[in-house]
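Asks: The structure that follows is given in the form of structure tokens.
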Amino acid sequence: KEKQDMRPSKQRLLVVANRLPVSAVRQGHESWNLEISAGGLVSALLGVKEFDTRWIGWAGVNVPDVIGQRTLTEALAEKRCIPVFLDEEIVNQYYNGYCNNILWPLFHYLGLPQEDRLATTRSFQSQFAAYKKANQMFADVVNKNYEEGDVVWCHDYHLMFLPQCLKEYNNKMKVGWFLHTPFPSSEIHRTLPSRSELLRSVLAADLVGFHTYDYARHFVSACTRILGLEGTPEGVEDQGRLTRVAAFPIGIDSDRFIRALELSQVQDHIKEFKERFAGRKVMLGVDRLDMIKGIPQKILAFEKFLEENPTWRDKVVLLQIAVPTRTDVPEYQKLTSQVHEIVGRINGRFGTLTAVPIHHLDRSLDFHALCALYAITDVALVTSLRDGMNLVSYEFVACQASKKGVLILSEFAGAAQSLGAGAILVNPWNITEVAASIGYALNMPANEREKRHYHNFMHVTTHTSQEWAATFVSELNDTIVEAQLRTRQ
Ligand code: G6P
1 KEKQDMRPSK
11 QRLLVVANRL
21 PVSAVRQGHE
31 SWNLEISAGG
41 LVSALLGVKE
51 FDTRWIGWAG
61 VNVPDVIGQR
71 TLTEALAEKR
81 CIPVFLDEEI
91 VNQYYNGYCN
101 NILWPLFHYL
111 GLPQEDRLAT
121 TRSFQSQFAA
131 YKKANQMFAD
141 VVNKNYEEGD
151 VVWCHDYHLM
161 FLPQCLKEYN
171 NKMKVGWFLH
181 TPFPSSEIHR
191 TLPSRSELLR
201 SVLAADLVGF
211 HTYDYARHFV
221 SACTRILGLE
231 GTPEGVEDQG
241 RLTRVAAFPI
251 GIDSDRFIRA
261 LELSQVQDHI
271 KEFKERFAGR
281 KVMLGVDRLD
291 MIKGIPQKIL
301 AFEKFLEENP
311 TWRDKVVLLQ
321 IAVPTRTDVP
331 EYQKLTSQVH
341 EIVGRINGRF
351 GTLTAVPIHH
361 LDRSLDFHAL
371 CALYAITDVA
381 LVTSLRDGMN
391 LVSYEFVACQ
401 ASKKGVLILS
411 EFAGAAQSLG
421 AGAILVNPWN
431 ITEVAASIGY
441 ALNMPANERE
451 KRHYHNFMHV
461 TTHTSQEWAA
471 TFVSELNDTI
481 VEAQLRTRQ
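Residue numbers for the sequence shown follow this note's numbering, so the first one is 1 and each next one is one higher.
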């Protein structure tokens with residue numbers, strides 16, 4: 001008992017992200033279910049275990065808080081989640097509008113939407129006002145739940161205004177901010193009408209983190225060129241106050257995937273899939289149905305491969321799992337129809353009475369089926385046009401210990417910097433190159449596959465999400481101690 005009491009208690013970590021790891025999904029009029037949310041941020045942070053973690057975020061729908069026997073707040077509390085309730089108008093302007101129609105495409109080099117570039121100012125400004133308001137609502141909930149000594153870790157482009165709001169509440173709060181998307185070249189960021197306000201607010205944090213060194217460098221350049229501040233090897237300095245800026249490449253909880261492969265449910269799926277696709281090589285894509293994922297480009301490259309390699313036509317199948325996302329944003333609706341049209345055309349062109357070359361699913365798979373699919377795949381295709389990191393590539397590698405399949409990976413995904421030596425890197429815009437890489441991957445000799453797989457497997461199993469979070473938080477603690485020492489000098 002005594003020993004237990006002497007053990008240092010875990011540090012309290014408040015993870016603040018737009019989306020909670022579970023989302024409330026409506027089931028009929030008055031009931032709802034809590035489902036695991038999709039996306040890299042959630043899949044990485046679920047693996048973080050060494051802190052006493054609480055999540056603060058939006059539960060996905062604006063559910064009235066009292067339904068049936070217990071409130072949503074109570075149900076979420078069991079999962080250590082604290083909801084921020086946003087009304088429909090705010091969700092529309094902040095989440096669908098400013099976050100997903102402006103910041104998301106801009107940070108992925110797709111530019112600002114045309115209509116906002118013209119005289120826009122009204123809709124742009126009202127969306128930005130809603131963004132600030134929503135960030136303030138997150139700050140209020142953080143402030144209510146904050147205890148002295150807590151570390152507050154803010155995540156992603158939804159919450160760039162949060163560090164400033166938090167420091168206004170309490171300048172002593174330890175605040176870190178991490179971006180899960182790319183941070184674009186300063187020349188792209190400077191097109192954003194609210195460019196300076198956002199940068200200044202992020203700089204209120206004590207530590208600012210990115211997936212890659214390039215993104216960190218772009219952020220520092222934006223601060224020096226747009227705000228006229230000084231960039232140092234440590235970060236950005238403003239009148240003697242330093243904001244530390246650094247790269248912290250994320251990872252996954254690789255053990256969770258490796259262990260899952262032993263489960264009977266997963267083994268059953270593996271058997272079923274192997275029988276289903278016997279005699280054919282399996283190629284796999286798993287993406288949220290998002291324009292940054294390059295799904296049309298990937299499918300067109302597969303079409304070109306089939307066109308040029310008639311002998312492969314009945315020997316390979318592409319399984320594309322496209323998880324619906326942000327379905328209220330018109331750009332995403334357009335993309336869905338575009339993808340359906342291309343898939344239909346290719347299946348019409350190369351399908352037979354008994355088989356089609358592309359199985360396209362507009363839905364997510366449960367964890368067990370997903371692990372089984374990763375395990376039986378011969379070639380995974382990750383062709384993002386831009387991607388902060390892309391953890392699907394990591395998950396695939398973690399599940400490939402026996403098969404040693406090939407990863408075709410976009411050079412514009414952050415993961416290209418860590419898995420580049422094991423994967424076949426491609427420019428996803430170059431359909432001819434991707435089609436040729438498909439041929440190369442399908443024909444790759446076993447010894448080359450093994451070598452490439454070994455390289456990636458070592459990386460994925462040693463650079464985990466636990467290690468990522470621990471490094472970020474310990475750096476944040478150190479940054480604050482150093483700042484205190486500096487002010488005492
Ligand atoms: C990316 C973002 C996350 C986001 C996820 C899912 O991974 O970096 O912040 O949660 O996509 O998107 P959604 O809009 O459904 O939260």
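We treat Cβ as the ideally placed atom computed from N, Cα and C, and that holds for glycine.
Measure the Cβ-Cβ separation of Asp328 and Asn135 and say whether it is below 7 Å.
Replies: No, they are not a contact pair.
Asks: What residue from Val61, Ile346, Gly285 and Thr471 has the CA that sits closest to Phe84's CA?
Replies: Reading off the sequence shown, one finds Val at residue 84, where the question assumed Phe. Of Val61, Ile346, Gly285 and Thr471, the residue nearest in Cα terms is Val61.
Asks: Looking at the ligand G6P, does it come within less than 6 Å of His211, judged from the CB to the closest heavy atom?
Replies: No, since every heavy atom of the ligand G6P falls outside the 6 Å radius drawn around the Cβ of His211.
Asks: Check Arg241 in the structure and name its three-state DSSP category.
Replies: Three-state DSSP puts Arg241 in a strand.
Asks: When we look at the beta-carbon of Pro481 and count the other beta-carbons within 10 Å, is it buried (16 or more) or exposed?
Replies: Here residue 481 is Val; the residue named in the question, Pro, does not match the sequence. Per the 10 Å Cβ criterion, exposed.
Asks: Quick test of your reading: Trp468 and Phe248, contact by CB under 8 Å. State the CB separation rounded to the nearest angstrom.
Replies: Confirmed, about 6 Å.
Asks: Going by other Cβ atoms of all chains shown within 10 Å of its Cβ, with 16 needed for buried, is Asp156 buried or exposed?
Replies: Flag for Asp156 reads buried.
Asks: Distance check for Gly422 and His455, CA to CA, integer angstroms please.
Replies: So the alpha carbons of these two residues sit roughly 6 Å apart.
Asks: Among all the DSSP beta bridges, which residues are the ones paired with Ile292?
Replies: DSSP lists no partner for Ile292.
Asks: Measure the C-alpha to C-alpha separation of Ser23 and Gly57 and round it to an integer number of angstroms.
Replies: C-alpha separation (whole angstroms): 10 Å.
Asks: Kindly indicate which three-state DSSP category His453 falls into: helix, strand or coil?
Replies: Three-state DSSP puts His453 in a helix.
Asks: Check each candidate in Glu395, Phe367, Thr191 and Trp153 and name the one with the smallest Cα separation from Val202.
Replies: The candidate whose alpha carbon is nearest that of Val202 is Trp153.
Asks: Give a single yes or no on whether Asp156 has its beta carbon closer than 6 Å to a heavy atom of the ligand G6P.
Replies: True, at least one ligand heavy atom lies under 6 Å from that Cβ.
Asks: If we ignore side chains and look at the alpha-carbon of each, how far apart do Ser437 and Asp206 end up?
Replies: Their Cα atoms are separated by approximately 43 Å.
Asks: Val48 and Ser465 - do their beta-carbons sit closer together than 7 Å?
Replies: Cβ atoms of Ser465 and Val48: closer than 7 Å.
Asks: Tell me the DSSP secondary structure of Val282 in three-state form.
Replies: Reduced to three states, the DSSP call for Val282 is strand.
Asks: Hey, how far is the Cα of Ala301 from the Cα of Gln27?
Replies: So the alpha carbons of these two residues sit roughly 39 Å apart.
Asks: Would you tell me roughly how many angstroms separate the C-alpha atoms of Phe161 and Met389, rounded to the nearest one?
Replies: The alpha-carbon atoms of Phe161 and Met389 are separated by roughly 23 Å.
Asks: Ordered along the chain, which non-local residues of its own chain (more than five positions away) have a Cβ less than 8 Å from that of Ala222?
Replies: Closer than 8 Å at the Cβ level, and outside the excluded window around Ala222, lie Phe183, Ser186, His189, Arg190, Arg195 and Leu199.
Asks: Going by Cα to Cα distance, which pick from Thr383, Asn18 and Gln125 is closest to Ala435?
Replies: Comparing Cα-Cα distances from Ala435 to each of Thr383, Asn18 and Gln125, the minimum goes to Thr383.
Asks: The ligand G6P and Thr325: does any heavy atom of the ligand fall closer than 6 Å to the residue's C-beta?
Replies: Yes, the Cβ of Thr325 comes within 6 Å of a heavy atom of the ligand G6P.
Asks: Give the straight-line distance between the Cα atoms of Thr336 and Tyr98, rounded to the nearest whole angstrom.
Replies: Answer to the nearest angstrom: the Cα atoms are 21 Å apart.
Asks: Assuming Ala17 contacts Thr325 (C-beta within less than 8 Å), just tell me the rounded distance between them.
Replies: Not confirmed; about 15 Å, so no contact.
Asks: Within its chain, find whatever has a CB closer than 8 Å to the CB of Leu289; leave out the 5 residues flanking it on each side and keep chain order.
Replies: For Leu289, where only same-chain residues beyond five positions count, the Cβ hits under 8 Å are Ile295, Ala322, Val323, Pro324, Thr325, Tyr332, Leu335, Thr336, Val339 and Asp362.
Asks: Starting from the Cα of His158, find the closest Cα among Leu261, Phe128 and Leu353 and give me that residue.
Replies: Measuring from the Cα of His158, the nearest candidate turns out to be Phe128.
Asks: DSSP puts Gly149 in a beta bridge; with which residues?
Replies: Gly149 pairs with nothing; no bridge assigned.
Asks: Val460 to Leu370, Cα distance in whole Å?
Replies: Those two C-alpha atoms are separated by around 18 Å.
Asks: Flag His180 as yes when its Cβ comes closer than 6 Å to any non-hydrogen atom of the ligand G6P, and as no otherwise.
Replies: Yes; taking the cut-off as 6 Å, the Cβ of His180 has a heavy atom of the ligand G6P nearer than that.
Asks: So the beta strand (DSSP E) Gln338 belongs to, where does it begin and stop?
Replies: Counting along the chain, Gln338 falls outside any beta strand (DSSP E), though it belongs to the alpha helix (DSSP H) covering Pro330 to Phe350.
Asks: So, with DSSP's three-state summary, where would you put Ala59?
Replies: Correct three-state label for Ala59: coil.
Asks: Given a threshold of 16 other Cβ atoms within 10 Å of its Cβ, counted over all protein chains shown, does Arg19 qualify as buried or as exposed?
Replies: By the 10 Å Cβ count, Arg19 comes out buried.
Asks: Beta carbon of Leu159: closer than 6 Å to some heavy atom of the ligand G6P?
Replies: Checking the Cβ of Leu159 against the ligand G6P gives no.
Asks: Could you please give the first and the last residue of the uninterrupted beta strand (DSSP E) stretch that includes Ala24?
Replies: Unbroken beta strand (DSSP E) run through Ala24: Val22 to Arg26.
Asks: By how many angstroms is the C-alpha of Val392 removed from the C-alpha of Asn309?
Replies: Going by the C-alpha atoms only, they are around 28 Å apart.
Asks: Compute the minimum distance between the beta carbon of Arg241 and the heavy atoms of the ligand G6P, and state whether it is under 6 Å.
Replies: Result no, Cβ not under 6 Å from the ligand G6P.
Asks: Using 7 Å as the threshold, is the C-beta distance between Phe472 and Gly209 below it?
Replies: Yes; because the gap between Cβ atoms is below 7 Å, this pair is in contact.
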